[in-house]
Amino acid sequence: MRVEVLVVGGGPAGATAARVLSREGRSVMLLERDPEQAKPCGGGIPSTAFDELEIPLSIPYKSIGTISLVSPSDRRLDIDLKGGSIIIVERKDFDSLLRGLAAEAGTEILKARLDSVKTHGSYVEALVNRDGRLEKILADYLIAADGVNSTVRRALSIAPCESVYTLSCRTERISTQACEFWFRSDHAPGLYSWVFPKLKGVSIGTGSLTPKETRTFLKRFIDRRFNNELSLNEAHSLRGYRIPYWQGNLYVKGRVLFVGDAAGQVMPFTYEGIYYAMKSGEFAARAILEGKPGLYKKLWKRRFHSRFRFMKTIERFFLSDDRRMEQLFDIFRREEVQEASMKLWLVKDSNRGSLIRYINFFRKFLN
Ligand SMILES: Cc1cc2nc3c(=O)[nH]c(=O)nc-3n(C[C@H](O)[C@H](O)[C@H](O)COP(=O)(O)OP(=O)(O)OC[C@H]3O[C@@H](n4cnc5c(N)ncnc54)[C@H](O)[C@@H]3O)c2cc1C
Numbered sequence: 006m007r008v009e010v011l012v013v014g015g016g017p018a019g020a021t022a023a024r025v026l027s028r029e030g031r032s033v034m035l036l037e038r039d040p041e042q043a044k045p046c047g048g049g050i051p052s053t054a055f056d057e058l059e060i061p062l063s064i065p066y067k068s069i070g071t072i073s074l075v076s077p078s079d080r081r082l083d084i085d086l087k088g089g090s091i092i093i094v095e096r097k098d099f100d101s102l103l104r105g106l107a108a109e110a111g112t113e114i115l116k117a118r119l120d121s122v123k124t125h126g127s128y129v130e131a132l133v134n135r136d137g138r139l140e141k142i143l144a145d146y147l148i149a150a151d152g153v154n155s156t157v158r159r160a161l162s163i164a165p166c167e168s169v170y171t172l173s174c175r176t177e178r179i180s181t182q183a184c185e186f187w188f189r190s191d192h193a194p195g196l197y198s199w200v201f202p203k204l205k206g207v208s209i210g211t212g213s214l215t216p217k218e219t220r221t222f223l224k225r226f227i228d229r230r231f232n233n234e235l236s237l238n239e240a241h242s243l244r245g246y247r248i249p250y251w252q253g254n255l256y257v258k259g260r261v262l263f264v265g266d267a268a269g270q271v272m273p274f275t276y277e278g279i280y281y282a283m284k285s286g287e288f289a290a291r292a293i294l295e296g297k298p299g300l301y302k303k304l305w306k307r308r309f310h311s312r313f314r315f316m317k318t319i320e321r322f323f324l325s326d327d328r329r330m331e332q333l334f335d336i337f338r339r340e341e342v343q344e345a346s347m348k349l350w351l352v353k354d355s356n357r358g359s360l361i362r363y364i365n366f367f368r369k370f371l372n
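This note's numbering numbers the first residue of the sequence shown as 6 and each following residue consecutively.
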């Protein structure tokens with residue numbers, strides 16, 4: 006088989022890349038090893054992303070208008086998103102919606118697992134496992150959208166992404182109307198724990214910089230948040246999963262373009278990955294359409310690099326211990342910081358002036 010572009014992975018990054026390319030008439034094949042899987046994920050996406058990426062909200066969803074931050078000493082801040090909202094989806098529905106849009110645009114979708122890849126001067130050769138049979142596919146370009154445990158990275162001898170470790174679970178017994186972010190190093194050292202509303206019930210999880218003790222951390226968090234109302238043993242769908250820790254060092258290798266989690270493109274500090282996976286897919290597709298793979302890195306850097314770097318600095322400084330987390334909380338109490346954060350996070354304001362004003366809030370405070 007020969008195609009112009011082979012996309013490996015049918016999550017938000019791969020499905021978006023495939024859709025953009027197919028719309029322009031390119032021959033695209035997308036491989037997804039398991040279309041029935043539901044990735045463990047909060048499924049929170051800023052509502053503005055749906056307009057920007059022309060995604061119809063034709064699946065069940067929940068719209069959330071408040072986020073709550075809770076400091077290590079239990080100070081609570083409820084932030085009204087003032088007209089903006091976070092759309093919560095089930096990942097199985099959302100990923101299959103995106104793949105459906107790609108298929109409508111002309112992408113051929115194959116239930117198959119990529120086994121290995123070789124790059125040659127003017128094409129890429131992929132070996133694919135389809136129902137136990139190995140098939141060879143040749144492509145002008147390959148888009149690696151196969152997530153944090155990328156097979157393409159491994160096949161091309163690129164070290165795995167650095168990452169943080171999460172453990173999450175679900176329960177239908179409890180409901181909440183806000184996306185909650187809880188900070189304290191005894192249950193989320195260097196990160197945060199969360200309770201996210203789902204269509205039914207909530208997802209509860211915690212993140213940490215090492216894989217050790219995640220179960221102890223999650224149990225501790227559940228005890229803190231729910232007191233005697235819930236225990237870890239009563240929750241279901243307990244799953245550990247890695248989230249990439251952004252390095253900003255992998256975009257293109259020859260005719261292979263890396264997008265989404267496979268490239269580590271998750272926003273530091275917030276760990277928002279779905280929107281950035283879709284945008285990286287779009288940028289990689291645009292670069293291929295222009296016949297200039299290097300354009301992908303340029304598009305990404307122009308739009309997102311500065312804010313990623315800034316958020317990484319914030320994360321490293323403020324999440325390193327409880328005293329600093331309390332300081333961060335003091336900054337977020339200020340109305341103008343809340344407004345600016347929501348603009349950057351929800352509206353995806355890409356104006357350089359806004360980012361600089363935002364950075365200055367933090368500078369002023371630290372001085
Ligand atoms: C617990 C948790 C909660 C999160 N919550 C949020 C949130 O609320 N909001 C948010 O924005 N982000 C969240 N994220 C991050 C988000 O899930 C990811 O950043 C996002 O899914 C990345 O999309 P992707 O398309 O790059 O990769 P993925 O979604 O991981 O998709 C990769 C796809 O590739 C397929 N694949 C893998 N290997 C192969 C192979 N060899 N052959 C064929 N197919 C293959 C997989 O089956 C999968 O469908 C969360 C992550 C975790 C772990």
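Note that the Cβ used here is the ideal one computed from N, Cα and C, for glycine as well.
8 Å Cβ shell around residue i - same chain, five flanking residues per side excluded
i, result
"residue 214", "169, 170, 194, 195 and 196"
"residue 258", "124, 161 and 163"
"residue 216", "170 and 245"
"residue 180", "202, 206 and 207"
"residue 192", "198, 211, 222, 223, 225, 226 and 229"
"residue 219", "170, 171, 172, 211, 213 and 245"
"residue 73", "81, 82, 83, 84, 183, 184, 185 and 186"
Any non-hydrogen atom of ligand 1 within 6 Å of residue i CB
i, result
"residue 64", "no"
"residue 373", "Not covered by the structure: residue 373. The range shown for the chain is 6 to 372."
"residue 137", "no"
"residue 279", "yes"
"residue 227", "no"
"residue 37", "yes"
"residue 45", "yes"
"residue 151", "yes"
"residue 118", "yes"
"residue 98", "no"
"residue 198", "no"
"residue 156", "yes"
"residue 181", "no"
"residue 131", "no"
"residue 213", "no"
"residue 248", "yes"
"residue 271", "yes"
"residue 164", "no"
"residue 326", "no"
"residue 207", "no"
"residue 342", "no"
Same chain only: Cβ atoms within 6 Å of residue i, ignoring 5 sequence neighbours per side
i, result
"residue 313", "251"
"residue 122", "131, 157 and 160"
"residue 309", "none"
"residue 24", "106, 107 and 110"
"residue 44", "96"
"residue 282", "17, 18 and 265"
Range of the contiguous alpha helix (DSSP H) that encloses residue i
i, result
"residue 451", "Limits of the chain in this structure are 6 at one end and 372 at the other, which puts residue 451 out of reach."
"residue 156", "156–160"
"residue 97", "96–110"
"residue 342", "340–350"
"residue 219", "219–231"
"residue 138", "Run containing residue 138: none in the alpha helix (DSSP H); it sits in the beta strand (DSSP E), 138–149."
"residue 283", "279–294"
"residue 373", "There is simply no residue 373 to check, as the chain begins at 6 and stops at 372 in what is shown."
Inter-residue spacing [alpha-carbon to alpha-carbon] between residue i and residue j
i, j, result
"residue 3", "residue 242", "Residue 3 cannot be examined here, being either before or after the span of the chain that is shown, 6 to 372."
"residue 37", "residue 204", "25 Å"
"residue 39", "residue 105", "15 Å"
"residue 115", "residue 304", "29 Å"
"residue 249", "residue 166", "6 Å"
"residue 175", "residue 244", "10 Å"
"residue 335", "residue 9", "52 Å"
"residue 277", "residue 355", "16 Å"
"residue 302", "residue 29", "21 Å"
"residue 266", "residue 370", "33 Å"
"residue 91", "residue 71", "9 Å"
"residue 5", "residue 59", "Here the chain covers residues 6 to 372 and nothing more, so residue 5 does not appear."
"residue 231", "residue 22", "41 Å"
"residue 137", "residue 145", "25 Å"
"residue 350", "residue 103", "22 Å"
"residue 99", "residue 54", "13 Å"
"residue 324", "residue 79", "16 Å"
"residue 52", "residue 296", "32 Å"
"residue 268", "residue 6", "27 Å"
"residue 273", "residue 235", "30 Å"
Residue i - containing beta strand (DSSP E), residue span
i, result
"residue 176", "168–176"
"residue 209", "207–213"
"residue 245", "241–249"
"residue 119", "118–124"
"residue 135", "129–135"
Contact test: residue i Cβ vs ligand 2 heavy atom, cutoff 6 Å
i, result
"residue 171", "The ligand content of the structure shown is limited to ligand 1, which means ligand 2 is not among them."
Neighbour flag for residue i against chain B, beta carbons, 7 Å
i, result
"residue 367", "Absent from the structure: chain B. Only one protein chain is present."
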